[in-house]
Each structure stands twice: as C-alpha cells, then as structure tokens.
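Colleague:
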Amino acid sequence: MTTWIDPNDYQHIPRPVVAIGNDYPPSHELEWHSHQRGQLLYAAKGVVALSTPHGAWVAPPERAVWTPAGVLHSVKMVGAVSTRSVLIDPGSCATLGDQSRVIGVSPLLRSLLVEACEIEREYDLKGRDGLVMSLLIAELERAPVIPLAVPFPMTPALGAKCHAFLEQP
Numbered sequence: 001m002t003t004w005i006d007p008n009d010y011q012h013i014p015r016p017v018v019a020i021g022n023d024y025p026p027s028h029e030l031e032w033h034s035h036q037r038g039q040l041l042y043a044a045k046g047v048v049a050l051s052t053p054h055g056a057w058v059a060p061p062e063r064a065v066w067t068p069a070g071v072l073h074s075v076k077m078v079g080a081v082s083t084r085s086v087l088i089d090p091g092s093c094a095t096l097g098d099q100s101r102v103i104g105v106s107p108l109l110r111s112l113l114v115e116a117c118e119i120e121r122e123y124d125l126k127g128r129d130g131l132v133m134s135l136l137i138a139e140l141e142r143a144p145v146i147p148l149a150v151p152f153p154m155t156p157a158l159g160a161k162c163h164a165f166l167e168q169p
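All residue numbers for the sequence shown refer to my numbering, where the first residue is 1 and numbers rise by one.
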C-alpha cells in the first residue's frame, strides 16, 4: 500500500464509491479540510481522532468515522495508523446522514473495506467490483452507530475553549 494517497485526487472519478488506503506515522495530523464526497475513515491499525467545528469523534479498532460531504474536519492519528478510506458520492449515501458519527465495523464490512482498496479507480459498475462497492454501501447503511462523540458547545467562546483543551489536554 502507498504511504500517502491524497483523497482529493479521487474526488472527480466517475464512480459512486472510491476507496484508498494510507499508512501514517505515529501522531500524524491532517490539517483542516473537507471533501466533495462523504468519507468513511476506518483504521485497520491504530486509532483515529476526527474533529469538526461541532465535535470530536474517536474510532478505536473495529470502528470507523463517517464524515458527510463538505464537512470541515481534521484528523489525528494515535500511534502508527493504517487506514482504509471510502469516498462516497453524496447521491449514493444520503441515508448515511448529514452528521459525523462513529459506526461499528462488522467482519463483513471490514473485509469489504479491505477489498474495496484493491479495486481499480474506474471499476465496472455492473461487474463484480461494482457489486462489492454496492454491498459496501448497504453494509454501511445498516452499521450500528457507536456513541464515541464529544459535542462542542454552540457558544463560540466556549467552543473555542473546548477545541483548545483537546489540542493541549
């Protein structure tokens, strides 16, 4: 697997689902950014902590973080982290919601995430690879939501203090 693949390189691929894998060194941080597609971030190894202006989510093993399209977020890696990231066209993931959240990753979903990262960018929509991606979305839609969120206050001053605390606990 490549050490770093920029998810933005995948935003304009004419497929509803695109998956990439990345390896990150310990304590790596991804600065504030957003995507045109929704993103499911699964740490196959390590732990990811994702922050948005509205809260923070932590995904330990067997969990993943969903971030809707257009949501500004940053990511911190806890330890060395190996991720599987699925970028989903907004029209294909409306049932996944418009709020970030942590979901449980079943053995089937984990296998689909790993397999999806091996599929070519412009896969055959009606062939096996298209079926894998369709099943992946179906599994995401039924995945349980895990309460691993820290919502931030809506008051700007208090919200800023919460962000500062999480930056330097």
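Glycine residues also receive a C-beta, built at the ideal position from the N, C-alpha and C atoms.
Just the C-alpha distance for His33 and Lys126, rounded to the nearest angstrom, thanks.
Modeller: For His33 and Lys126, the distance between alpha carbons rounds to 33 Å.
Colleague: Going along the chain, which residues of its own chain have a beta-carbon closer than 6 Å to the beta-carbon of Thr2, five neighbours each way excluded?
Modeller: Residue placement at Thr2 is poorly supported in this model, since its pLDDT is 42, which falls under 50; the coordinates are not used for a value here.
Colleague: Assign Glu115 to one of three DSSP states: helix, strand, or coil.
Modeller: Of the three classes helix, strand and coil, the one that applies to Glu115 here is helix, per DSSP.
Colleague: Do you know how far the Cα of Pro14 is from the Cα of Tyr42?
Modeller: Distance between the alpha carbons of Tyr42 and Pro14 is about 23 Å.
Colleague: Given a cut-off of 8 Å, decide if Gln11 and Gln36 are closer than it, judged by their beta-carbon atoms.
Modeller: Yes. Within cutoff.
Colleague: With DSSP as the reference, label Gly70 as helix, strand or coil.
Modeller: Coil, per DSSP.
Colleague: Return the chain-ordered list of same chain residues with a C-beta closer than 6 Å to the C-beta of Glu141, the five sequence neighbours on each side being excluded.
Modeller: Once the five neighbours on either side are set aside, the close Cβ partners of Glu141 are Thr95.
Colleague: Would you decide whether Lys45 is buried or exposed? Buried here means 16 or more other CB atoms lie within 10 Å of its CB.
Modeller: Counting Cβ neighbours within 10 Å, Lys45 comes out exposed, since fewer than 16 surround it.
Colleague: Please state if the CB of Arg63 and the CB of Val114 are separated by a distance shorter than 8 Å.
Modeller: Not closer than 8 Å, so no.
Colleague: Output needed for Ser100: all residues of its chain with C-beta closer than 8 Å, excluding positions within five of it in sequence on either side, in chain order.
Modeller: Cβ within range, chain order: Leu50, Thr52, His54, Gly55, Trp57, Val65, Trp66, Thr67, Pro68, Val71, His73, Ala149.
Colleague: Looking at the structure shown, is Val65 part of a helix, part of a strand, or coil, going by DSSP?
Modeller: Three-state result, Val65: strand.
Colleague: Of all the CB atoms in chain C, is at least one closer than 8 Å to the CB of Glu115?
Modeller: The displayed structure is made up of one protein chain only, and chain C is not part of it.
Colleague: Of all the options Val17, Ile88, Pro60, Lys76, which has the alpha carbon lying nearest to the alpha carbon of Ile146?
Modeller: Nearest of Val17, Ile88, Pro60, Lys76 to Ile146, Cα basis: Pro60.
Colleague: Which whole-angstrom value describes the C-beta separation of Leu109 and Ala143, a residue pair presumed to lie in contact below a C-beta threshold of 8 Å?
Modeller: Sure, about 6 Å apart at Cβ, within 8 Å.
Colleague: Am I right that Pro16 and Met77 are in contact with their C-beta atoms under 8 Å? What's the rounded C-beta distance?
Modeller: So it is not a contact: roughly 28 Å between Cβ atoms.
Colleague: Specify the secondary structure class of Gly97 as computed by DSSP and reduced to three states.
Modeller: Reduced to three states, the DSSP call for Gly97 is coil.
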